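Undergrad: First residue of the sequence shown: 0, per numbering that gives the first Met the number 0; consecutive thereafter. Heads up, the beta-carbon is just placed ideally off N, CA and C, and yes, glycines get one too. All values derive from a computational prediction rather than experimental measurement.
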Amino acid sequence: MAGKSVLAVGAHPDDIELGCGASLLAHAAAGDVVTMLVMTGGESGPGAGERHAEQRTAARTLGAALRWGGLRDCAVVSDTTTIGIIEAVVAETQADLVYVHAPEDSHQDHRATAAATLSAARRLSRVLHYQSPSTLAFAPTVFVDITAFLSGKLAALGAHGSQVEFSAMVEPDAVQASARHWGAQARIGYAEAFAPTRMVLDLAPVPARPADRRRSGSRVVPAPRRPAAAGR
């Protein structure tokens, strides 16, 4: 995945950091270009006047570019307007991989953002869903080793000071415990977990061994037999 374009979509400030912040740090460390698309400014929650500035600081902490969807908190719907906003950022970034909320969630903005992103990313071969504190059903089968990036994730979440202060969902101990839980499931130290809609692995082809066979164009040519020894 090195050198790829990665897009993470979230309904509110801090959603992306909670769901896949450490994985975005890992992508940036691998040389990938990372973009965050935040659909609303979180105006209906605590610290409404601070959340844009907090999100900008968090994006810098993750080494990510930041885009805003410009929609209203608690009023996101999966319509052509929302799909078009996401499609425009997918096209702008030429995204190879998209992260977004899990579809089954008790927050209507999360559900709508997930549905609109699936439509906007319908031609992409890599779409992964992350867990939110309000996710209702989540059965991940893809894990990212974030052992080296957990502290960076916590730093990015710390940029959302209004949420850390007023929301138990952003409590650092809970975030670390979740990462340890998924790490145990993945047989590693700490992990972020994802449920794929699609996840195509781009593997390098394995060359044929010349000792086994020789190729001429597209035709397989058997190796010549050695002449029989005299006297046999």
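Can you tell me where the beta strand (DSSP E) holding D144 begins and where it ends?
TA: V141 to D144
Undergrad: Quick check on P102: buried or exposed, where buried means 16 or more other Cβ atoms within 10 Å of its Cβ?
TA: buried
Undergrad: How should E164 be labelled, buried or exposed, when 16 other C-beta atoms within 10 angstroms of its C-beta is the threshold for buried?
TA: exposed
Undergrad: Helix or strand or just coil, what does DSSP make of V199?
TA: In the structure shown, V199 sits in coil (DSSP, three-state: anything other than H, G, I, E or B).
Undergrad: Below 8 Å on the Cβ atoms is my guess for H109 versus A10; work out the distance and round it to an integer in Å.
TA: 5 Å
Undergrad: Just list the residues that DSSP pairs S104 with in beta bridges.
TA: It should be noted that the sequence gives Asp, not Ser, for residue 104. Looking at the DSSP assignment, D104 forms a beta bridge with T134.
Undergrad: Which of helix, strand or coil does DSSP assign to S4?
TA: In this structure, S4 counts as strand in the three-state DSSP scheme.
Undergrad: Short check: CB of S166 to CB of S133, under 8 Å?
TA: Contact: no.
Undergrad: What does the Cβ neighbour count give for P45, buried or exposed, with the cut at 16 atoms within 10 Å?
TA: exposed
Undergrad: Could you tell me the boundaries of the beta strand (DSSP E) in which R66 lies?
TA: A64 to L70
Undergrad: Put G9 into one of helix, strand or coil per three-state DSSP.
TA: strand
Undergrad: With contact counted as at least three CB pairs below 8 Å, one residue from each stretch, are the region 187–199 and the region 71–80 in contact?
TA: no
Undergrad: Taking DSSP as the reference, what is the three-state secondary structure of H159?
TA: coil
Undergrad: Rounded C-beta distance between H100 and T112? I'm assuming under 8 Å.
TA: 6 Å
Undergrad: What number of angstroms, rounded off, separates the C-alpha of A64 from the C-alpha of Q184?
TA: 31 Å
Undergrad: T146 and Y189: beta carbons closer than 8 Å?
TA: yes
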